[in-house]
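Enquirer: My questions will all concern the structure given below.
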Amino acid sequence: MAALGGCGPVVAALLRRGPAPGLRPVPRRYLYKKKWAATAPRIPCTRLALHHFDVNYSLQLKDLWPSVRASLLCEQKYGALLNNFSADDYVTQELELMNATDFVSEGSRKAQQGAAAEEVRREESRPQEVPGKVRTVMQTETQAEMSPPLRASISSNIKCYTYPRGDITRFRPARQDSLGILDYYLMDAASLLPVLALNVQRGDLVLDLCAAPGGKTLALLQTGLCGHLAANDVSISRTKRLYSILNSYIPKNIRETVSVTSYDGRDWKQLEGGTFHKVLVDVPCTTDRHAVMEEENNIFHKRRTKERQMLPMLQLQLLMAGILATKPGGKVVYSTCSLSSLQNECVVERAVDIAETQFNISVHVEDLSHFRMLFQDTFSFFSDCRLGELVLPHLTANFGPMYFCKLHRV
Amino acid sequence: LGKKMRMVRPWHRLPREAVAAPSLAVFKARLDRTLTSAAPPRGGRAVPGMAGRLLRGCVRAAGLCPRRAFGEAAGLRDMGFSQEQAQRLLGVESRLSPQRREAAVAQLLLLGLNAEAILGLLERRPELLRMPTERLQERAGKLRGLGLDGGQLQRALIRCPELFTLPRKRMAAAVRLLRERCLFTAEQLREVLWTCPNVLLEEPHQLHHHFQYVYFRMGVQQKEMVKARLFRMPFAELRNRHIFLERRGLYQTPCKGQTQTNNPKLKDIIQLSEKDFLANVAHSTPEEFEVFKKLLAREEEEKEEEEEEEENRDALYTEEDEDFDSEGSKPARE
Ligand SMILES: C[S@@+](CC[C@H](N)C(=O)[O-])C[C@H]1O[C@@H](n2cnc3c(N)ncnc32)[C@H](O)[C@@H]1O
Numbered sequence: 001m002a003a004l005g006g007c008g009p010v011v012a013a014l015l016r017r018g019p020a021p022g023l024r025p026v027p028r029r030y031l032y033k034k035k036w037a038a039t040a041p042r043i044p045c046t047r048l049a050l051h052h053f054d055v056n057y058s059l060q061l062k063d064l065w066p067s068v069r070a071s072l073l074c075e076q077k078y079g080a081l082l083n084n085f086s087a088d089d090y091v092t093q094e095l096e097l098m099n100a101t102d103f104v105s106e107g108s109r110k111a112q113q114g115a116a117a118e119e120v121r122r123e124e125s126r127p128q129e130v131p132g133k134v135r136t137v138m139q140t141e142t143q144a145e146m147s148p149p150l151r152a153s154i155s156s157n158i159k160c161y162t163y164p165r166g167d168i169t170r171f172r173p174a175r176q177d178s179l180g181i182l183d184y185y186l187m188d189a190a191s192l193l194p195v196l197a198l199n200v201q202r203g204d205l206v207l208d209l210c211a212a213p214g215g216k217t218l219a220l221l222q223t224g225l226c227g228h229l230a231a232n233d234v235s236i237s238r239t240k241r242l243y244s245i246l247n248s249y250i251p252k253n254i255r256e257t258v259s260v261t262s263y264d265g266r267d268w269k270q271l272e273g274g275t276f277h278k279v280l281v282d283v284p285c286t287t288d289r290h291a292v293m294e295e296e297n298n299i300f301h302k303r304r305t306k307e308r309q310m311l312p313m314l315q316l317q318l319l320m321a322g323i324l325a326t327k328p329g330g331k332v333v334y335s336t337c338s339l340s341s342l343q344n345e346c347v348v349e350r351a352v353d354i355a356e357t358q359f360n361i362s363v364h365v366e367d368l369s370h371f372r373m374l375f376q377d378t379f380s381f382f383s384d385c386r387l388g389e390l391v392l393p394h395l396t397a398n399f400g401p402m403y404f405c406k407l408h409r410v
Numbered sequence: 001l002g003k004k005m006r007m008v009r010p011w012h013r014l015p016r017e018a019v020a021a022p023s024l025a026v027f028k029a030r031l032d033r034t035l036t037s038a039a040p041p042r043g044g045r046a047v048p049g050m051a052g053r054l055l056r057g058c059v060r061a062a063g064l065c066p067r068r069a070f071g072e073a074a075g076l077r078d079m080g081f082s083q084e085q086a087q088r089l090l091g092v093e094s095r096l097s098p099q100r101r102e103a104a105v106a107q108l109l110l111l112g113l114n115a116e117a118i119l120g121l122l123e124r125r126p127e128l129l130r131m132p133t134e135r136l137q138e139r140a141g142k143l144r145g146l147g148l149d150g151g152q153l154q155r156a157l158i159r160c161p162e163l164f165t166l167p168r169k170r171m172a173a174a175v176r177l178l179r180e181r182c183l184f185t186a187e188q189l190r191e192v193l194w195t196c197p198n199v200l201l202e203e204p205h206q207l208h209h210h211f212q213y214v215y216f217r218m219g220v221q222q223k224e225m226v227k228a229r230l231f232r233m234p235f236a237e238l239r240n241r242h243i244f245l246e247r248r249g250l251y252q253t254p255c256k257g258q259t260q261t262n263n264p265k266l267k268d269i270i271q272l273s274e275k276d277f278l279a280n281v282a283h284s285t286p287e288e289f290e291v292f293k294k295l296l297a298r299e300e301e302e303k304e305e306e307e308e309e310e311e312n313r314d315a316l317y318t319e320e321d322e323d324f325d326s327e328g329s330k331p332a333r334e
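So the protein lines, in turn, are chains P and E. Residue numbers for the first sequence follow UniProt numbering, beginning at 1 and rising by one. Residue numbers for the second sequence follow UniProt numbering, beginning at 1 and rising by one.
So this is what it looks like as structure tokens:
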């Protein structure tokens with residue numbers, strides 16, 4: 001976890017370069033000079049973050065890093081998550097006129113076509129059991145094995161519109177219908193992938209362990225399938241935002257079935273163990289895009305070094321709590337918006353290991369590679385991810401970063 | 001009377017000593033000399049013969065030519081244009097009087113441009129034919145004054161015919177800026193001018209910004225700017241390429257005093273075609289660069305709007321204007 005500390009000798013040298021002068025705002029008359037100044041008075045957190053990423057991600061992503069780097073530093077793309085509870089029927093038309101498409105239904109169409117083609121292949125391969133064809137048959141069988149999740153995984157009611165690759169059009173702000181309910185929620189479209197991967201079935205008891213501000217909670221509610229939804233977040237102020245999102249998007253009767261809590265997610269197991277069919281663990285992370293773009297609330301602030309170094313530990317504890325909250329046979333999806341393998345694959349591996357050795361719980365990592373195939377038109381996936389899937393920001397499809405990995409509690 | 005005045009005018013465009021010649025033979029000799037010194041032949045083109053043609057043209061323009069029947073084309077052929085070139089030339093500003101046409105053409109010949117170059121120039125910039133010849137002369141003199149010798153002057157003019165029409169004040173302001181603010185040496189200025197004459201067309205504050213961007217933000221010295229032919233590429237394009245490299249992590253503003261960097265050479269950023277730039281310098285694809293340019297343009301637009309708003313807000317609260325020097329830190333020469 002040394003790399004995560006982000007305090008290698010180079011960063012330290014950068015930091016040493018001069019004491020931070022007073023924090024008073026710069027008088028306007030100096031702004032022009034500042035524009036050309038080679039050395040800023042204080043090194044901005046965004047610079048530290050970028051330097052840290054340069055060191056780590058160039059190793060992890062190799063040749064892909066420059067392209068991802070430029071994308072992180074440019075305006076991100078959004079998706080419009082349609083609000084199925086809104087009475088405004090014209091939104092879809094409006095969006096389609098603007099050339100936006102629902103990537104979820106496109107993916108499920110692909111999946112159906114894939115499944116249909118497979119049917120045909122299976123039909124064809126049955127009478128042909130000639131010795132020479134063994135390989136074909138075996139291939140068909142593996143595909144047949146893969147097909148149920150392939151078909152099922154996206155039979156959700158979630159609709160999310162995005163503009164095509166390379167199109168930088170922005171969505172208008174959300175609008176209220178006659179009852180005051182907003183018509184869509186703008187979010188990083190890649191954030192829906194963990195929710196789609198969770199694949200909520202009718203009547204499922206669902207836990208969203210780190211829910212605020214509530215984008216994924218909202219998506220979970222759009223499925224209309226949750227038997228019960230528990231949305232938790234340790235931060236009181238952020239849970240307030242979660243409430244306000246629920247208020248603006250979800251009708252009262254449904255809203256009231258969601259239980260919002262503010263526990264420390266690490267303690268969840270002490271409250272309710274093994275109760276949920278589906279658990280989403282969308283952990284706090286280095287929020288890579290935010291870290292290189294915004295000074296405010298930046299995790300690379302010197303004051304937050306300890307907190308940053310402890311992130312993988314916190315993530316591991318939260319994932320463990322998530323696993324323990326799952327019923328045997330249930331599923332957990334772990335997700336971050338960071339590219340860091342230390343916060344992604346490593347955390348998952350440790351959690352699987354600890355579940356086995358310390359809790360005697362067997363957990364399997366599920367293959368999600370079909371997501372790559374189904375959604376490759378919309379997102380750019382990293383092809384060398386050891387476990388789970390990683391969406392890489394790309395200028396023509398500037399979503400993510402988004403890591404997600406699905407676990408099955410046996 | 002008016003006609004007579006006009007017919008006489010071309011004489012005044014010729015160098016004074018040539019015009020004041022005692023005889024035609026002496027005049028021709030002096031003219032040859034003038035041409036040779038004003039425009040050393042490039043590639044050994046025989047200028048002396050041109051004097052004869054030019055002379056015949058001028059004489060004709062002055063109404064001294066007895067062979068009016070040959071018409072305008074003949075006059076131009078006398079000045080060294082082929083039949084086909086003469087016809088094309090006559091198609092440019094076809095309503096112009098033969099005298100004015102030939103006077104202007106004679107002036108361009110005097111700058112040492114050859115027939116084909118003149119034709120090309122006038123086809124691109126027909127309005128040059130209508131310019132008073134003393135303006136052409138005056139402008140050429142100014143450029144020579146900046147150190148451009150014949151060949152360089154010709155190349156500058158062919159590359160950038162607007163040099164003739166640019167207001168004198170604007171040109172002077174740009175030159176002053178390059179020397180006094182950007183601190184190019186006289187020698188560097190000369191090279192900038194003949195390699196990138198369009199630099200003089202830039203709005204001075206725009207030009208200053210262009211320079212400062214490359215000097216401070218890209219950390220490039222004057223010498224390298226000259227060598228790279230900096231001003232050949234429009235600023236917006238240079239900035240697109242530079243910021244693209246910067247965001248990809250391939251370009252860093254050097255620290256004060258830092259001399260060695262891994263940054264790509266300015267020359268390679270500026271002189272390669274977009275395709276080669278992407279393939280060999282940025283290691284990226286046209287698709288990415290296309291989107292990037294759109295995004296950057298929008299960023300800039302919004303930043304400007306924001307700054308404007310901020311200024312308006314500030315204006316509301318500022319009681320008295322503080323006096324301050326709005327220039328950025330001054331560049332230094334290497
Ligand atoms: C990446 S955000 C979640 C985003 C959210 N799922 C969404 O889609 O809008 C991580 C959240 O984890 C919360 N968090 C941090 N530590 C926590 C803890 N110990 N227990 C529960 N939540 C925690 C933070 O307050 C933050 O809101």
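We put the CB at the ideal spot given by N, CA and C, even for glycine. None of the values given here were measured: they were computed from a predicted structure.
Can you check whether the CB of S259 of chain P is closer than 7 Å to the CB of T239 of chain P?
Expert: For T239 of chain P and S259 of chain P, no; Cβs fall outside 7 Å.
Enquirer: For T169 of chain P, return the contacting residues in chain E, with the cut-off set at a CB-CB distance below 7 Å.
Expert: Here the premise fails: no neighbours, minimum Cβ distance about 10 Å.
Enquirer: Three-state secondary structure (DSSP) at P286 of chain E?
Expert: DSSP places P286 of chain E in helix when its eight states are reduced to three.
Enquirer: What are the uninterrupted segments assigned as beta strand (DSSP E) that are 3 or more residues long and contained completely in the region 72-99 of chain P, given in chain order?
Expert: Those beta strand (DSSP E) runs which fall completely within the region 72-99 of chain P and span 3+ residues are 79-82.
Enquirer: Mind checking which residues open and close the beta strand (DSSP E) that includes R409 of chain P?
Expert: It spans M402 to R409 - the beta strand (DSSP E) in which R409 of chain P sits, taken as one unbroken run.
Enquirer: Quick one: which residues of the region 235-258 of chain E get their C-beta closer than 8 Å to a C-beta of chain P? List them in chain order.
Expert: Of all residues in the region 235-258 of chain E, F244, R247, R248, G249, L250, T253, P254, C255 and K256 have a Cβ within less than 8 Å of some Cβ in chain P.
Enquirer: Could you check if K159 of chain P is buried or exposed, using at least 16 other CB atoms within 10 Å of its CB as the buried criterion?
Expert: K159 of chain P should be labelled buried.
Enquirer: Can you say whether L59 of chain P is buried or exposed, counting buried as having 16 or more other CB atoms within 10 angstroms of its CB?
Expert: Burial call: exposed.
Enquirer: How close, in whole Å, do the beta carbons of E191 of chain E and V226 of chain E come, if the pair is a contact with beta carbons under 8 Å?
Expert: Right, their Cβ atoms sit about 5 Å apart.
Enquirer: Can you give me the C-alpha to C-alpha distance between L295 of chain E and P173 of chain P, rounded to a whole angstrom?
Expert: Roughly 19 Å between the two C-alpha positions.
Enquirer: Confirm, please, whether the CB-CB distance from P393 of chain P to V347 of chain P is below 7 Å.
Expert: No, they are not a contact pair.
Enquirer: Is K278 of chain P a contact residue of ligand 1, with contact defined as CB to any heavy atom under 6 Å?
Expert: No - ligand 1 has no heavy atom lying nearer than 6 Å to the Cβ of K278 of chain P.
Enquirer: Going along chain P, which residues have a C-beta under 8 Å from E288 of chain E?
Expert: Residues of chain P passing the Cβ test: S67, A70, H394, L395 and T396.
Enquirer: Looking at the secondary structure, which residues open and close the alpha helix (DSSP H) in which P98 of chain E lies?
Expert: Its alpha helix (DSSP H) spans residues P98 to L110.
Enquirer: DSSP three-state call for C346 of chain P: helix, strand or coil?
Expert: Helix, per DSSP.
Enquirer: In the DSSP assignment, what residue or residues form a beta bridge with S335 of chain P?
Expert: Paired residues: P:D282 and P:F404.
Enquirer: Between R266 of chain P and ligand 1, is the CB less than 6 Å from at least one heavy atom?
Expert: Result yes, Cβ under 6 Å from ligand 1.
Enquirer: Where does C160 of chain P fall in DSSP's three states?
Expert: It is a strand residue.
Enquirer: What's the gap between the Cα of R176 of chain E and the Cα of Q83 of chain E?
Expert: R176 of chain E and Q83 of chain E: Cα-Cα distance of roughly 44 Å.
Enquirer: Just curious, the alpha helix (DSSP H) that H364 of chain P is in, first and last residue?
Expert: It is not in any alpha helix (DSSP H) - H364 of chain P instead sits in the beta strand (DSSP E) that spans V363 to E366.
Enquirer: Hey, R159 of chain E and P197 of chain E: beta-carbon distance below 7 Å or not?
Expert: Yes, Cβ-Cβ distance for R159 of chain E and P197 of chain E is below 7 Å.
Enquirer: Starting from residue 336 of chain E, find everything on chain P with Cβ-Cβ shorter than 8 Å and list it in chain order.
Expert: With chain E represented from 1 up to 334, any question about residue 336 of chain E goes unanswered, as that position is not in the structure.
Enquirer: Name the chain P residues that come within less than 8 Å of F292 of chain E, Cβ to Cβ?
Expert: The contacting residues are A70, C74 and L395.
Enquirer: From the DSSP secondary-structure annotation, give me the bridge partner or partners of T326 of chain P.
Expert: For T326 of chain P, which the question treats as bridged, DSSP gives the partners P:F276.
Enquirer: Counting Cβ pairs closer than 8 Å, one from the region 275-294 of chain P and one from the region 188-207 of chain P, do we hit at least three?
Expert: Output reads yes: the region 188-207 of chain P touches the region 275-294 of chain P.
Enquirer: On the three-state DSSP scale, how would you describe T257 of chain P?
Expert: Note: T257 of chain P maps to coil in three-state DSSP.
Enquirer: If F381 of chain P and L395 of chain P are in contact, beta carbons under 8 Å, what's the gap, nearest whole angstrom?
Expert: Actually they do not touch by this definition, with Cβ atoms about 16 Å apart.
Enquirer: Near R229 of chain E, which residues of its chain fall below 6 Å by C-beta distance, leaving aside the five closest residues on each side in sequence?
Expert: Closer than 6 Å at the Cβ level, and outside the excluded window around R229 of chain E, lie T195 and C196.
Enquirer: Among P:A80, P:R165, P:L193 and P:F53, whose alpha-carbon lies nearest the alpha-carbon of residue 415 of chain P?
Expert: In this structure chain P extends from 1 to 410, so residue 415 of chain P is not present and cannot be described.
Enquirer: With distance defined between alpha-carbon atoms, name the residue in E:R217, E:L245, E:A74 and E:E123 nearest to L280 of chain E.
Expert: The question names Leu, but residue 280 of chain E in the sequence shown is Asn. Among E:R217, E:L245, E:A74 and E:E123, the Cα nearest to that of N280 of chain E is on E:L245.
Enquirer: Leaving out the 5 sequence neighbours to the left and right, which residues in its chain are closer than 8 Å to R217 of chain E when beta-carbon positions are compared?
Expert: These residues qualify, in order along the chain: H242 and T253.
Enquirer: Would you please verify whether the beta carbon of A315 of chain E is less than 7 Å from any beta carbon of chain P?
Expert: Closer than 7 Å: no.
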